[in-house]
Amino acid sequence: MAVLPPVSGFALLVGIWALVSITTKGSIPSPWETSLQAIDVFSDPFYRKGPNDQGVGWNVLMSLERVAMGFGLAALVGIPAGFVIGRFAFLSRMFNPLISLLRPVSPLAWLPIGLLVFKGANPAAIWTIFICSIWPMILNTAQGVQRVPQDYLNVARVLGLPEAKVMTRIL
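With positions in the sequence shown counted from 1, the corresponding number in our numbering is that position plus 4.
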């Protein structure tokens, strides 16, 4: 019985879609035409008939590559920055206003800036993923470093551990 409401809602949506496609006389494809086209598109996802005519599989792989590059670059920059910001209170107070200002900016606002600076869609997409991923990485890493118990840092100070050892062994 728990399945009935979602199935009914989906059936109602498809019914309205079919009705609209009939009343618009073909300007909106019917659910049946759409499903046939979807089967055609997904039946051979990795075809290539030129640089601008390739299967959906290649497009998905290109998107995953962009995400991996943008996210990887954000991790490469954001995690060390978060360590430093979390470790030193002065840097935390210095960069938190800037991060708080830039973090809520929409990805749709970063994309035109990336296009203007990089002059290409692929680097601009990587830039947008990078800039949207870096703020959570910095903030979460800094928060994790700040939550290390002060007793651990005091013991390290008493033992005379250099800052590099504190960063790699304790934090």
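Ideal placement from N, C-alpha and C gives every residue a C-beta, glycine not left out.
Quick check on residue i: does DSSP put it in helix, strand or coil?
i: residue 107; result: coil
i: residue 176; result: Only positions 5 to 175 of the chain appear in the structure, and residue 176 is not among them; the question remains open.
i: residue 8; result: helix
i: residue 175; result: coil
i: residue 14; result: helix
Distance, Cα to Cα, residue i vs residue j?
i: residue 118; j: residue 112; result: 10 Å
i: residue 174; j: residue 74; result: 29 Å
i: residue 15; j: residue 40; result: 18 Å
i: residue 116; j: residue 146; result: 29 Å
i: residue 103; j: residue 96; result: 10 Å
i: residue 162; j: residue 83; result: 27 Å
i: residue 65; j: residue 80; result: 22 Å
Can the beta-carbon of residue i be found closer than 7 Å to that of residue j?
i: residue 142; j: residue 72; result: no
i: residue 90; j: residue 150; result: yes
i: residue 122; j: residue 128; result: yes
i: residue 35; j: residue 18; result: yes
i: residue 78; j: residue 12; result: no
i: residue 30; j: residue 49; result: no
i: residue 131; j: residue 107; result: no
i: residue 170; j: residue 160; result: yes
i: residue 135; j: residue 114; result: yes
Taking only runs of the beta strand (DSSP E) that begin and end inside the region 117-173, which ones reach a length of at least 3 residues, in chain order? none
Which parts of the region 31-82 are runs of the alpha helix (DSSP H), unbroken and 4 residues or longer, counting only runs that do not cross its ends? 35-47
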